[in-house]
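Numbering (the working numbering), first residue to last: 1141 to 1594. Using N, Cα and C, we set each Cβ at its ideal position, and we do this for glycine too. Predicted model only: the values in this text are computed from it and were never measured.
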Ligand code: BGC
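As structure tokens, then:
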């Protein structure tokens, strides 16, 4: 589907992407599992953050979410019936290590064993993310990502996961979008743990950077034949005008949003030249750190949903750049007020291809929230269907043009808890009735099933 030419039919098949290309769906523990306080599970920063009034839309939380904890078999069977053969989910650190370190919860391990074994029984390859934003609260109480000890806490957590699951899990992702969890959680305070300012953000950035590589090294050493990656949020950035100020503002935003975490990983250091405030990172960098932040991942997970238009602003501290909201630009948007701009995914694949040292790129998340209407037991989510088709076409074009991209995962399987936005934005291929936990396949889900089966 081409948004500029809606008459043009979508006629790709999975085979057109080559034999190594994988299609799948992505999820995250806190967004789907529920069961926030079963067995000896410890609280996470999202349990804590959502317990405070005003932090999320209508004070919603993930205590039940999609109840994946008890419904995982039905959900995985539904996946199978939709011809989905790759399922990305994350492990809740505080379900496995209730205090973040120390004693392992055998009930927590048993839950993930059941999920993993059931996926394998159904012929579905499990892809595990170690960290998708739900730090144990016990570790946040000691400073969380802003405390240097997180390097050893994370190393231990990765070792525990490799020990218990490494015999069956061969596809690993270390971190989900470090720019988002440090930026939203430790600078803007709009995500858990709700901390603000540079004194939180800069150490959190540097420690997350170190943990990317630490996690990679642990998995490489402990899991034979593992395919190991880590993911980055990124968006094409366009300057609002050709004025020198707007062009500079766009460069700064690009350095912060798209380059901050990938470049040190590849040995290129922090992009301080465009974001001078990052010089403050120096205070947290120990002598060997920049060497140890380098790791040779098997793949990089690129997660793109939109593009950003950026202009100069005197009022934004440090950066002097500001995002011009899509709703103010007269463009097609999703419910998140993100511009529908499929070319961004192509451009980001191209950008990441230009770096030396990236072996493979996988789109580990892409999708959209639209105001879905349940009508006569059906959800005719035409806009999501077109969004997915348009983005998959761009990925195909990238492959055709010789760019190195080997996978595409839809965000997400079922509608779920969308962080600070609560349950309002629905991103699923499958509609969730949050009162009854009924699942209803949307038109986009039916289409994806047919596409995968074709
Ligand atoms: C995150 C998901 C989130 C999605 C849609 C990504 O940034 O990894 O957890 O639900 O975007 O906002």
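Coarse secondary structure for residue i, derived from DSSP in three states
i, result
"residue 1162", "strand"
"residue 1579", "strand"
"residue 1514", "strand"
"residue 1428", "coil"
"residue 1271", "strand"
"residue 1472", "coil"
"residue 1457", "coil"
"residue 1467", "helix"
"residue 1149", "coil"
"residue 1435", "coil"
"residue 1364", "coil"
Cα-Cα separation, residue i to residue j
i, j, result
"residue 1592", "residue 1193", "43 Å"
"residue 1529", "residue 1164", "14 Å"
"residue 1501", "residue 1264", "21 Å"
"residue 1516", "residue 1178", "36 Å"
"residue 1284", "residue 1150", "46 Å"
"residue 1274", "residue 1334", "13 Å"
"residue 1446", "residue 1487", "11 Å"
"residue 1190", "residue 1560", "8 Å"
"residue 1552", "residue 1507", "7 Å"
"residue 1480", "residue 1571", "21 Å"
"residue 1472", "residue 1173", "32 Å"
"residue 1345", "residue 1202", "26 Å"
"residue 1183", "residue 1271", "15 Å"
"residue 1595", "residue 1576", "A query on residue 1595 cannot be resolved here, the shown segment of the chain reaching from 1141 to 1594 and no further."
"residue 1485", "residue 1444", "6 Å"
"residue 1248", "residue 1239", "12 Å"
"residue 1412", "residue 1425", "13 Å"
"residue 1477", "residue 1427", "43 Å"
"residue 1293", "residue 1168", "21 Å"
"residue 1604", "residue 1234", "Nothing can be reported for residue 1604, as the shown portion of the chain is limited to 1141 through 1594."
"residue 1223", "residue 1297", "33 Å"
"residue 1536", "residue 1289", "43 Å"
"residue 1622", "residue 1408", "Only positions 1141 to 1594 of the chain appear in the structure, and residue 1622 is not among them; the question remains open."
"residue 1337", "residue 1347", "16 Å"
"residue 1490", "residue 1538", "7 Å"
"residue 1578", "residue 1215", "11 Å"
"residue 1410", "residue 1262", "43 Å"
"residue 1373", "residue 1323", "11 Å"
"residue 1349", "residue 1341", "12 Å"
"residue 1467", "residue 1295", "42 Å"
C-beta contact flag for residue i and residue j at 8 Å
i, j, result
"residue 1442", "residue 1370", "no"
"residue 1434", "residue 1396", "no"
"residue 1392", "residue 1453", "no"
"residue 1171", "residue 1437", "no"
"residue 1388", "residue 1312", "no"
"residue 1236", "residue 1320", "no"
"residue 1306", "residue 1362", "yes"
"residue 1451", "residue 1394", "no"
"residue 1315", "residue 1352", "yes"
"residue 1198", "residue 1568", "no"
"residue 1310", "residue 1365", "yes"
"residue 1380", "residue 1464", "yes"
"residue 1308", "residue 1260", "yes"
"residue 1525", "residue 1594", "no"
"residue 1280", "residue 1354", "no"
"residue 1378", "residue 1449", "yes"
"residue 1267", "residue 1327", "no"
"residue 1474", "residue 1510", "yes"
"residue 1161", "residue 1546", "yes"
"residue 1225", "residue 1550", "no"
"residue 1519", "residue 1458", "no"
"residue 1209", "residue 1258", "no"
"residue 1582", "residue 1512", "yes"
"residue 1390", "residue 1343", "no"
"residue 1255", "residue 1212", "yes"
**3-residue-minimum beta strand (DSSP E) runs that sit fully inside the segment 1276 to 1357, ordered along the chain** = The segment 1276 to 1357 contains, as complete beta strand (DSSP E) runs of 3+ residues, the segments 1311 to 1315 (chain order).
- What alpha helix (DSSP H) runs, 4 residues minimum, are completely inside the segment 1191 to 1264? 1208 to 1221, 1233 to 1236, 1246 to 1261, all fully within the segment 1191 to 1264.
*Entirely within the segment 1477 to 1516 and at least 4 residues each: give me those alpha helix (DSSP H) ranges in chain order.*
If we require 4 residues or more, the alpha helix (DSSP H) runs fully inside the segment 1477 to 1516 come out as 1483 to 1493.
Practice task
Mind listing, in chain order, the continuous alpha helix (DSSP H) runs of no fewer than 4 residues lying wholly within the segment 1366 to 1428?
Solution key: If one requires a minimum length of 4 residues, the alpha helix (DSSP H) runs lying completely within the segment 1366 to 1428 are 1384 to 1394, 1402 to 1405, in chain order.
Review point. Along the chain, which unbroken stretches of the beta strand (DSSP E) at least 3 residues long are found entirely within the segment 1516 to 1592?
Key: Fully enclosed beta strand (DSSP E) runs of 3 or longer: 1545 to 1551, 1570 to 1573, 1578 to 1581.
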